Every structure is written in C-alpha cells, then in structure tokens.
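Below is one structure, written out as structure tokens; comments come after it.
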Ligand code: AMP
Ligand code: MG
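Residue numbers (our numbering): 180 to 587.
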C-alpha cells in the first residue's frame with residue numbers, strides 16, 4: 180500500500196532546520212556607514228556618557244533660579260554659549276545666552292526659552308516666566324551611561340543602530356561575515372524577462388519570477404548572492420549545477436523541482452552528491468521543502484509555486500540565514516488583530532493568509548489565496564497565521580506577522 184508520509188508541523192521543521200544552522204566561522208570589520216542589516220559580532224560598550232555634558236535643549240538663557248527675584252526684573256547677560264563652546268561658570272547675578280546643544284555652564288540650574296524672555300535695548304534681558312528646576316536641560320548620560328552596553332552581539336543593525344554606534348564614537352564595527360548563497364531556479368518552462376518578449380512567449384512558458392524576489396530577499400538578509408540562473412529539468416544538468424554551487428558557498432538555494440514527480444530532479448541529484456531530506460510541511464502555502472548537504476554546503480530546496488517559495492523563504496530560510504550570522508532575533512514579533520472577514524473552511528495544514536491592515540487596524544484578506552497568485556504578496560502587508568483546523572469569524576482576533584518585519 181502506498182501510504183502518504185505524515186505532514187511535519189512547521190515548528191518542528193523550523194527547529195530541525197535551525198539545529199543545522201551553526202553560526203559561520205569568521206567575522207569582518209566594516210565601516211559603521213556600511214553596517215546596515217549586518218549582524219553585530221561584538222558587544223558595543225560605551226566608553227563615554229551621551230550626552231557628554233548637561234546641555235540645553237532650547238535656544239534661550241541659562242539661569243540660576245535663586246537669583247531671579249521676580250519675573251520681569253532685568254538681568255545682565257555675562258556670556259554667550261553656542262553649541263560646541265566650552266562655557267565659563269555662570270557669574271553670579273547674571274544669566275548666559277545659550278543655544279540648543281550647548282553645554283550648561285556650572286552654576287546654572289535651568290534654561291529659560293527665548294520665547295519667555297524680553298531683550299532690552301541696553302543688553303539686559305527680562306525673564307517673563309519663572310523656570311522650573313532643571314527645565315530644558317538634557318542631562319549628561321541621559322541617553323547612554325559610560326560602561327553600558329548599547330548594542331549586544333547578535334543584534335541586527337538598523338539605520339538607528341548605526342546612529343547609536345556612531346554616537347559612542349565607533350567608526351568601525353565587527354560583524355558576522357556575509358553568508359555566500361548560490362541561487363538557482365529549476366524548470367524548463369522558465370524564461371527570463373528580456374530573453375523573450377511577452378508577445379513572443381511560447382505556449383507553456385512563464386517568466387521566472389522566483390529568481391527576482393529570492394535574490395532580493397537574500398541581499399536584504401546580508402547575503403552575497405551567486406546567481407546561477409535557470410537549470411533545466413535534467414538530472415545531469417542539475418547534478419552539475421549543484422556541484423558548481425557547492426564550491427565555496429555556505430548555502431545552495433533552489434526553487435522548484437522538489438516535488439516527487441518525474442520532472443523533479445532535485446532530490447536524486449542532491450542525494451547523488453550528498454544527502455537530502457524531503458519534508459512535507461503541514462503549511463499552506465508551502466508543503467514540499469527540502470534540506471540537505473552537498474559537500475560542505477547546506478542545501479535548501481523551496482517549492483516552485485511563487486507564493487509558496489516566498490512564504491517558505493520568509494518563515495524558514497530567513498531564520499536559517501540569520502542564525503548562520505549569529506543573530507539572536509530570528510523570527511518576527513506577531514501581533515493580535517481583529518479579522519474583518521470570514522474564513523469558514525478549516526484546513527488540515529496551518530495556513531498563512533495574505534492580508535492587509537485597514538485604517539482601523541482590522542485585517543482584510545486578499546480574495547485569491549492560491550499559491551500561484553503573486554499579486555497577493557504585493558497587496559498584503561502581512562501574513563495571518565491560521566492554526567490547522569481553525570476557522571475565523573469577523574471580529575475574531577488573529578495572529579498577524581507584519582511583512583515589514585519579515586522583509587527587513
Ligand atoms: P515545481 O515545484 O517545479 O513543480 O513548480 C510548481 C509550480 O511553480 C509550477 O507551476 C511552476 O511552473 C511554477 N514555478 C516553478 N519555478 C518558478 C519560478 N522560478 N518562477 C515562477 N514560477 C515558477
Ligand atoms: Mg518544476
């Protein structure tokens with residue numbers, strides 16, 4: 180009897196995949212300017228306070244509150260402190276002109292904003308409103324205290340993190356090296372845009388769309404991509420492509436050809452050169468997914484259907500590549516949002532529906548959830564995670580994975 184293998188829960192598949200993803204040996208030093216998206220390979224400890232001194236957050240006057248007898252009494256201005264200047268201690272009985280970002284002079288205990296003052300022709304200034312203690316003063320170390328860890332090893336750098344690293348004086352950063360990924364698509368039906376014009380496409384031919392999003396997804400994850408193009412549906416060609424790809428790459432990523440039809444050559448070809456497990460994952464879109472090794476390279480075979488390829492990349496390959504780089508946060512933070520639709524038919528597999536938030540924070544569903552409809556992935560701003568066997572009624576809270584996080 181030909182029994183179907185049990186489907187593997189997605190969480191099991193992810194755990195099995197991550198168990199294979201040992202962080203790559205080797206780090207590199209990059210300019211902080213160029214570190215966006217890279218994974219930090221050191222703890223960043225600050226050797227200084229940020230801000231370095233108490234400073235003014237307003238254009239105005241530095242004052243000693245005890246010396247302002249009454250609102251409106253004119254006071255002399257004893258010094259002018261622009262940003263970048265080193266002030267003298269505040270002379271008793273006077274105030275100091277000060278600008279945003281300039282250090283607060285010793286002895287001053289508040290800043291009065293310019294709008295609450297009146298400058299007189301004789302150079303003196305009236306304080307029109309009594310300041311609160313410490314008003315408009317940004318304290319030394321209020322952002323970062325000396326000795327504190329501002330970014331931890333394993334954090335993925337963002338533009339804000341680049342700014343933070345720069346704020347403690349770091350010109351260079353130690354990051355994980357880029358994973359080297361060989362990418363190819365399988366399928367005799369595939370044609371590259373530019374190779375054949377839309378009007379001239381032969382019956383049965385389709386454009387290779389997976390290659391485009393997979394390449395960009397890999398680049399966004401900090402990978403170096405070796406794009407090997409399209410490999411025909413032949414055993415020998417597949418073996419040859421895999422052999423080439425295994426040289427000097429950390430991962431070989433393919434799409435298509437991982438089902439068990441006669442035209443699916445990935446499985447026997449990888450098995451000829453190394454080892455391969457074909458998983459039937461209990462997810463939709465998705466299901467066929469392959470993990471193996473070819474020489475020292477990891478091998479991951481994604482399904483060919485574009486949406487399946489896209490979603491399995493985000494939910495399985497993305498965490499795998501982040502772990503290779505030593506990242507600590509591998510999966511996005513899901514949020515609970517109310518559905519604005521009904522999903523009445525339960526499925527045996529866990530589903531990832533393409534959905535979009537409306538202005539009220541409710542989720543609308545793309546009408547066609549077929550695994551070939553790439554339009555759904557562009558329309559959507561996230562995936563709804565529907566557990567196997569579940570239905571959804573309007574208003575039900577559902578688990579939403581924002582694409583903004585998955586694509587970062
Ligand atoms: P396969 O997994 O090779 O059986 O392919 C499943 C479906 O995905 C078929 O309809 C293929 O034509 C389609 N497909 C496979 N690879 C690609 C690709 N790179 N771009 C667009 N569609 C693809
Ligand atoms: Mg195919």
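Even glycine gets a Cβ: it sits at the ideal position worked out from N, Cα and C.
This structure is a prediction, so every number in the text was calculated from the model and none was measured.
Per DSSP, the bridge partner or partners of residue i
i	result
residue 584	DSSP output for residue 584 lists no bridge partner at all.
residue 255	Partner(s): none; residue 255 has no beta bridge.
residue 414	Beta-bridge pairing links residue 414 to no other residue.
residue 388	For residue 388, which the question treats as bridged, DSSP gives no partner whatsoever.
residue 561	534, 581
residue 207	354
residue 434	364, 481
residue 234	282, 317
residue 241	275, 290
residue 571	522
residue 403	359
residue 566	According to DSSP, which records beta bridges pairwise, residue 566 is partnered with nothing at all.
residue 459	467
residue 409	364
residue 453	473
residue 219	354
residue 335	218
residue 187	460
residue 576	517
residue 372	375
residue 552	DSSP output for residue 552 lists no bridge partner at all.
residue 330	223
Option in the options with minimal Cα separation from residue i
i	options	result
residue 466	481, 249, 453, 298	481
residue 392	219, 442, 406, 536	406
residue 229	244, 346, 235, 283	346
residue 224	515, 417, 343, 363	343
residue 424	360, 286, 394	360
residue 508	197, 184, 186	197
residue 279	205, 260, 538	260
residue 231	519, 263, 494, 200	263
residue 284	184, 292, 486, 265	265
residue 237	470, 318, 306, 293	293
residue 162	325, 217, 364, 494	The first residue shown for the chain is 180 and the last is 587, placing residue 162 beyond what the model contains.
residue 558	473, 226, 486, 387	486
residue 211	426, 383, 350, 587	350
residue 206	332, 582, 464	332
residue 269	248, 243, 290, 281	243
residue 585	321, 227, 510	510
residue 246	550, 288, 403	288
residue 590	408, 378, 400, 401	One cannot answer for residue 590 here, as it falls past the ends of the chain, which runs 180 to 587.
residue 464	411, 564, 476, 234	564
residue 339	573, 214, 532, 363	214
residue 413	386, 474, 493, 449	449
residue 580	572, 515, 483	515
residue 291	587, 304, 299	304
residue 239	460, 204, 275	275
residue 458	226, 427, 468	468
residue 483	435, 520, 455	435
residue 411	367, 451, 404	367
residue 437	451, 396, 479	479
Neighbour flag for residue i against chain B, beta carbons, 7 Å
i	result
residue 542	Any reference to chain B falls outside this structure, which holds one protein chain only.
beta-carbon residue i near the ligand FMN non-hydrogen atom, thresh 6 Å
i	result
residue 485	What this structure holds is the ligand AMP and the ligand MG, not the ligand FMN.
Item to check | Three-pair Cβ contact test at 8 Å for the segment 250-259 versus the segment 343-356 | outcome: Contact fails: fewer than three Cβ-Cβ distances are below 8 Å.
Next on the checklist: Taking 7 Å as the limit, name every residue whose beta carbon sits nearer than that to some heavy atom of the ligand MG, in sequence order.
Outcome noted: 365, 366, 412, 435, 436, 442, 443, 483
Item to check | Whole beta strand (DSSP E) elements within the segment 246-327, 3-residue minimum | outcome: 256-260, 274-277, 289-292, 296-298, 304-306
Checklist entry - What are the uninterrupted segments assigned as alpha helix (DSSP H) that are 4 or more residues long and contained completely in the segment 463-543, given in chain order? => result 485-491, 497-503
Checklist entry - Counting Cβ pairs, one atom from each stretch, are 3 or more of them under 8 Å apart for the segment 445-464 and the segment 410-418? => result yes
Checklist entry - Does the segment 365-378 come within contact of the segment 512-525, defined as at least 3 CB pairs closer than 8 Å? => result Counting Cβ pairs under 8 Å, fewer than three are found: no touch.
Item to check | Stretch-stretch touch, CB-based, cutoff 8 Å, three pairs: the segment 500-507 with the segment 535-553 | outcome: no
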